[in-house]
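Going line by line, the protein sequences match chains A and B.
Okay, so the first sequence: first residue is 1 according to our numbering, each after it adds one.
Okay, so the second sequence: first residue is 1 according to our numbering, each after it adds one.
Even glycine gets a Cβ: it sits at the ideal position worked out from N, Cα and C.
The structure appears right after this line, and notes come after that.
There are 2 protein chains.
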Amino acid sequence: MGLDRIIHEPARLRIMMILSGIESADFNFLLSTLGLTRGNLSRHIEKLESASYVKVSKTFKGKLPSTSYKITSKGAKALEKYWNKLDSIRQAGDFK
Amino acid sequence: MGLDRIIHEPARLRIMMILSGIESADFNFLLSTLGLTRGNLSRHIEKLESASYVKVSKTFKGKLPSTSYKITSKGAKALEKYWNKLDSIRQAGDFK
DNA sequence: GCAAACTTGTTTGCAATGCAAACTAAAAAA
DNA sequence: TTTTTTAGTTTGCATTGCAAACAAGTTTGC
């Protein structure tokens with residue numbers, strides 16, 4: 001079985017790693033941290049959400065909308081599995 | 001700077017890891033080891049070759065054509081860089 | 001000896017996806 | 001009240017992974 005494509009995409013892998021080490025992060029934090037365009041970030045998060053790897057919460061910060069993201073337990077497990085799989089490829093014990 | 005997309009693709013990452021641990025490998029060895037279709041393997045190798053990450057040698061084994069592949073020094077360096085980059089993402093020191 | 005099947009790959013065509021530009025909707029500024 | 005800013009979403013295009021179809025020979029069966 002192969003690598004989880006949802007996670008394998010570099011931008012999403014970074015998002016997952018950031019979220020795995022923090023309680024939650026909002027859109028602008030991810031935006032400036034990752035250096036993506038807004039559209040791009042939006043699409044990637046959408047994908048993570050539809051896989052139930054992150055949970056999205058929409059609130060207001062004052063009068064402006066603010067969206068924040070948390071990794072789910074499913075997402076955390078998938079992320080761990082991803083690294084394990086990658087390790088096995090790295091050992092190249094993958095093919096022997 | 002991002003991950004090398006040439007290497008990042010799982011099938012190609014596996015090819016590179018196999019080639020990095022062996023003198024050379026021929027088409028059928030890679031085929032059965034990786035479990036890809038012929039077409040798919042052909043395209044992936046083409047990509048690695050055009051990046052000068054692998055060198056292709058066409059010979060004959062008896063009367064049948066046989067193609068074998070070696071990793072280049074450029075390829076080996078790119079592979080090492082790839083893992084380093086991935087490690088930095090994994091430490092998530094990537095964003096702090 | 002000749003057609004059918006097998007080897008060893010390559011090329012083609014399509015569906016999926018990453019990416020940024022264009023758009024939307026509301027709030028703040030001028 | 002018009003303009004600009006904030007906070008994202010949607011759209012359109014170019015790229016790419018993938019397998020099916022093709023190609024160029026070789027071996028097998030009759």
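Which listed residue (the options) has its alpha carbon closest to that of residue i
i                    : options                   : result
residue 6 (chain B)  : B:50, B:62, B:73 and B:36 : B:50
residue 48 (chain A) : A:92, A:69 and A:36       : A:69
residue 89 (chain B) : A:54, A:3 and A:9         : A:9
residue 40 (chain A) : A:61, A:86, A:2 and A:11  : A:11
residue 24 (chain B) : B:44, B:54 and B:81       : B:54
residue 16 (chain B) : B:38, B:36 and B:44       : B:44
Whole-angstrom C-beta distance between residue j and residue i, which should lie under 8 Å
i                    : j                    : result
residue 72 (chain A) : residue 66 (chain A) : Rounded, the Cβ-Cβ distance is 20 Å, inconsistent with contact.
residue 86 (chain B) : residue 3 (chain B)  : 7 Å
residue 21 (chain B) : residue 78 (chain A) : The Cβ separation is near 28 Å, so there is no contact.
Exposed unless 16 or more other CB atoms sit within 10 angstroms - verdict on residue i
i                    : result
residue 18 (chain A) : buried
residue 56 (chain A) : exposed
residue 64 (chain B) : exposed
residue 14 (chain B) : buried
residue 75 (chain A) : buried
Give the list of continuous beta strand (DSSP E) stretches no shorter than 3 residues that lie fully inside the region 31-75 of chain A. 54-61 and 64-71
Could you please tell me which residues of the region 2-35 of chain A, in chain order, have their CB closer than 8 Å to any CB of chain B? 2, 3, 8, 10, 13, 14, 17, 18, 20, 21, 33 and 34
Cβ-based contacts, 8 Å cut-off: residues of the region 82-94 of chain B near chain A: 83, 86, 89, 90, 92 and 94
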